[in-house]
Amino acid sequence: MKIQFETELCNILNIRYPLIQAGMAGGPTTPELVAGVSRAGGLGSLGAAYMQPEAIREAIRSIRRVTDRPFAVNLFVVDMKDDFSRLAEVQRVLAPMGERLGIVPGGKELHSPDLFVEQFQVLLEEKVPVVSTAFGTLPEDAAKEARSAGMKVTTMVTTVEEALLAEEKGADVVIAQGSDAGGHRGTFDVAAHPSGANIGTFSLVPQVADRVKVPVVAAGGIMDGRGLIAALVLGAQGVQLGTRFLTAAESGANPVYQRALLGSTEEDTVVTKVFSGRPARGIRNRFIEEFDASGIEPLPFPSQNTATGEVRRAAAAHNDAEYLSLWAGQATRLLTEGERAEEIVEGVMEEARKLIGVE
Ligand SMILES: Cc1cc2nc3c(=O)[nH]c(=O)nc-3n(C[C@H](O)[C@H](O)[C@H](O)COP(=O)(O)O)c2cc1C
39 MKIQFETELC NILNIRYPLI QAGMAGGPTT PELVAGVSRA GGLGSLGAAY
89 MQPEAIREAI RSIRRVTDRP FAVNLFVVDM KDDFSRLAEV QRVLAPMGER
139 LGIVPGGKEL HSPDLFVEQF QVLLEEKVPV VSTAFGTLPE DAAKEARSAG
189 MKVTTMVTTV EEALLAEEKG ADVVIAQGSD AGGHRGTFDV AAHPSGANIG
239 TFSLVPQVAD RVKVPVVAAG GIMDGRGLIA ALVLGAQGVQ LGTRFLTAAE
289 SGANPVYQRA LLGSTEEDTV VTKVFSGRPA RGIRNRFIEE FDASGIEPLP
339 FPSQNTATGE VRRAAAAHND AEYLSLWAGQ ATRLLTEGER AEEIVEGVME
389 EARKLIGVE
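39 is the number of the first residue of the sequence shown in my numbering; add one for each residue after it.
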């Protein structure tokens, strides 16, 4: 088998290396990180799901001031209807946490904004080269608009069935996310899979690659050149790395979060709904332990995310990693500290080249 780094994926996304930095909502993917990855020849992605539309526009312009290479903007495609019917019992779990952090959570009326239409409008107006989605496929009208604007679409999937649906709905690329992955499980229907589909990257990627015609990108626990080569052998045309970039020099992740990542092992993460109401993989901490011990079921997404926001913001202000969401994949022993995005991309490619004897 001849391993090639310049795959069809590279042609579609107009990138040199088959390496995507995952869009990670919540602040880690600064414009400097995204631009650094794209400048190095990969595809940087802005995790824009929780950003206000005008903040997305500003970030896009900041990326473009540094690089003219393609990049992606990542959004959630998900029902944003709130259900706060059990808020009082959830707040009874959050109250002692808030007290420890010097706040009284629950003082304000809560509401989760549904920003997708305005966010997507900014992506269209700014002619973003690639739009990537999590939790679902682009709505039909948005997919049509993206196509007419010449934008490429990537959709994250966690089962073969989701991959086939994404292809049918016009995705140019599917990102096959194994259960090793950090952050939210991309599973479309969490009512059917309450913990997210639980298929590891090594099992998922070849099965998806055998069934869809569009290029497949492997995600979940991939950190270095070994992971890239393994993914290509399994039938992927590229890789998407999230956790690896959280400790990059340009990462916007809170320094205490970065310390927790660097001090963690493959045994430290769990899939939990306690932060957002959707299953996501992160490092076990006191927030997770106390919520689990309460026996209270988290609210559905996005209401749980909104309800826990005050505690998480207070924890960030106090540099307290015990009450932050510490999203992480299962391969954190392979993290490096403080490398620049370009060095990470070059390092992965260099190791991959050496492994297959290509200089
Ligand atoms: C901190 C963090 C935040 C994430 N946020 C998003 C997101 O907003 N959108 C998305 O499509 N994927 C998100 N992901 C998942 C990534 O797309 C990817 O599937 C995952 O990082 C791959 O596993 P790895 O972390 O082991 O590399 C996130 C992952 C992490 C670690």
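By construction, the Cβ of each residue, glycine as well, lies at the ideal position given by its N, Cα and C atoms.
- With distances taken between CA atoms, Ile-101 lies nearest to Val-166 out of Met-135, Val-166 and Asn-52.
- The beta strand (DSSP E) runs of length 3 or more contained entirely in the stretch 178 to 238 are, from start to end of the chain, 190 to 195 and 211 to 215.
- In terms of Cβ geometry, Ile-50 and Asp-210 form a close pair [threshold 8 Å].
- Every beta strand (DSSP E) stretch that sits fully inside the stretch 290 to 363 and reaches 3 residues is listed by chain position as 307 to 310 and 318 to 321.
- Around the beta carbon of Met-387, 16 or more other beta carbons sit within 10 angstroms, so the residue counts as buried.
- Relative to the non-hydrogen atoms of ligand 1, the Cβ of Asn-112 comes within a distance shorter than 7 Å of at least one.
- In this structure the stretch 299 to 319 does not touch the stretch 79 to 97; the number of beta carbon pairs closer than 8 Å is below three.
- For Met-62, the CB falls within less than 7 Å of some heavy atom of ligand 1.
- Cα atoms of Ala-287 and Ser-123: separation of roughly 42 Å, rounded to the nearest angstrom.
- Note that the stretch 117 to 132 does not touch the stretch 183 to 193; fewer than 3 beta-carbon pairs, one per stretch, sit closer than 8 Å.
- As a beta-bridge residue in DSSP terms, Thr-171 pairs with Leu-113 and Thr-193.
- Within the chosen limit of 7 Å, ligand 1 reaches the beta carbon of Leu-279 through at least one heavy atom.
- Restricting attention to beta strand (DSSP E) runs no shorter than 3 residues, the stretch 41 to 87 encloses them at 57 to 59 and 82 to 85, ordered along the chain.
- Beta-bridge partners assigned by DSSP to Gln-278: Ile-58 and Ala-257.
- Non-local C-beta neighbours of Val-142 in its own chain, meaning closer than 7 Å and more than five positions away in sequence, comprise Gly-136, ordered along the chain.
- Closest in C-alpha terms to Leu-373, from the list Leu-176, Val-104, Gly-220 and Gly-234, comes Gly-220.
- In the same chain as Arg-378, and ignoring 5 residues on each side of it, the C-beta atoms closer than 8 Å to its own belong to Gly-74, Ala-286, Ala-287 and Glu-288, in chain order.
- Cβ-Cβ distances below 7 Å link Arg-324 to Glu-360 and Tyr-361 in the same chain, with the five nearest sequence neighbours on each side left out; the list follows chain order.
- According to the DSSP assignment, Phe-154 belongs to the alpha helix (DSSP H) that extends over 154 to 163.
- In this structure, the C-beta of Ser-233 stays at least 7 Å away from each heavy atom of ligand 1.
- For Glu-200, the number of other beta carbons within 10 angstroms of its own is at least 16, and it is reported as buried.
- Linking Ile-267 to Gly-395 through their CA atoms gives a straight-line distance of about 12 Å.
- Rounded to whole angstroms, the gap between the alpha carbons of Val-228 and Ala-235 is 8 Å.
- For the options Asp-358, Thr-346 and Thr-239, the alpha carbon positioned closest to that of Lys-146 is the one of Thr-346.
- As the crow flies, the alpha-carbon of Thr-105 is around 6 Å from that of Arg-77.
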